[in-house]
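For what it's worth, the working numbering labels the leading residue of the sequence shown as 77, then goes sequentially.
Note that the Cβ used here is the ideal one computed from N, Cα and C, for glycine as well.
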Amino acid sequence: MLRWLIVLVAAMAAALSGVTAGYAAPPGVSDKDKAFLVAAHQDNLTEIQGGQTAERQAAKQSVKDAGRKFVEDHTSLDAQLKRVAEKLNVNLPNQPSEKQQAELRRLAAKSGAAFDRAWIDAQVRDHRKTLLALDEQVSSGTSEEVKNLARAAKPVVQEHLNLVETIQSGE
77 MLRWLIVLVA AMAAALSGVT AGYAAPPGVS DKDKAFLVAA HQDNLTEIQG
127 GQTAERQAAK QSVKDAGRKF VEDHTSLDAQ LKRVAEKLNV NLPNQPSEKQ
177 QAELRRLAAK SGAAFDRAWI DAQVRDHRKT LLALDEQVSS GTSEEVKNLA
227 RAAKPVVQEH LNLVETIQSG E
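Below, the structure written as structure tokens:
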């Protein structure tokens with residue numbers, strides 16, 4: 077589902093290729109900051125859609141509950157992100173990346189216990205990668221607003237990782 081590092085690299089490549097060159101950003105907003113905002117937004121959209129799928133298709137109540145929590149938390153995180161992106165004149169896409177959409181379709185094709193295992197495994201992998209991406213943004217981002225956004229997201233992502241690891245270990 078979320079492949080933060082891959083998405084971040086792809087978003088950075090897009091930024092460097094001039095895809096976002098038509099959008100003026102204030103000084104202090106680097107291509108890396110813009111790419112982070114795009115990738116984080118797409119990850120939030122993916123988490124929201126994936127969480128909704130978990131609410132509908134999971135067998136275990138704990139997975140359904142995790143899905144609901146992810147929808148709520150990532151909706152909130154994305155609202156904060158969109159405010160920062162708007163302030164910094166960073167254009168955001170309207171949907172997850174093609175790779176994320178493919179992963180969402182793969183998971184949606186499953187149901188019951190098979191869905192639970194696949195979704196939880198993906199969430200553990202993705203949240204670990206997300207924590208690394210957040211740390212990278214905090215340590216090497218340019219914009220303090222974007223770095224603060226990453227700092228604020230980290231405890232939520234850590235909480236999600238702890239939750240899905242707990243569910244995973246109970247299987």
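Might you give, ordered along the chain, the residues of its own chain that have their beta carbon closer than 6 Å to the beta carbon of residue i, omitting 5 neighbours on each side?
i             : result
alanine 189   : Ala135
histidine 117 : Leu157, Leu168
alanine 161   : Leu113, Leu168
histidine 203 : Val233, His236, Leu237
aspartate 70  : Outside the displayed range of the chain (77 to 247) lies residue 70, so it cannot be described from this structure.
valine 105    : Leu164, Ser219
Ordered along the chain, which non-local residues of its own chain (more than five positions away) have a Cβ less than 8 Å from that of residue i?
i              : result
serine 138     : Ile243, Gly246
alanine 100    : Because the pLDDT of alanine 100 is 49, which lies under 50, any placement of that residue in the model is unreliable, and the number read from its coordinates should be weighed accordingly. Excluding residues within five positions, the ones whose Cβ falls inside 8 Å are Asn165.
glutamate 241  : Val200
alanine 155    : none
asparagine 224 : none
Between the beta-carbon of residue i and the beta-carbon of residue j, is there less than 9 Å?
i             : j           : result
leucine 180   : proline 172 : yes
valine 222    : leucine 153 : no
glutamine 133 : serine 187  : yes
alanine 142   : leucine 239 : yes
For the candidate residues the options, whose alpha-carbon lies nearest to that of residue i?
i              : options                        : result
leucine 75     : Val232, Glu131, Thr218, Val222 : Nothing can be reported for residue 75: it is not among the residues displayed for the chain, which extend from 77 to 247.
glutamine 176  : Val160, Ala198, Arg193         : Ala198
asparagine 170 : Asn238, Asp119, Ser106         : Asp119
lysine 110     : Ala130, Val200, Ser219         : Ser219
threonine 151  : Glu241, Ala229, Leu239, Leu237 : Ala229
Is residue i close to chain D, meaning its C-beta is less than 9 Å from at least one C-beta of that chain?
i          : result
valine 200 : Checking the listed chains, one finds no chain D in this structure; it contains a single protein chain.
Rounded to the nearest angstrom, how far is the Cβ of residue i from that of residue j, given a contact under 8 Å?
i              : j           : result
tryptophan 195 : alanine 115 : Wrong, their Cβ atoms sit about 21 Å apart, outside the cutoff.
Could you tell me whether the segment 146-166 touches the segment 121-134, using the rule of 3 or more Cβ pairs below 8 Å? yes
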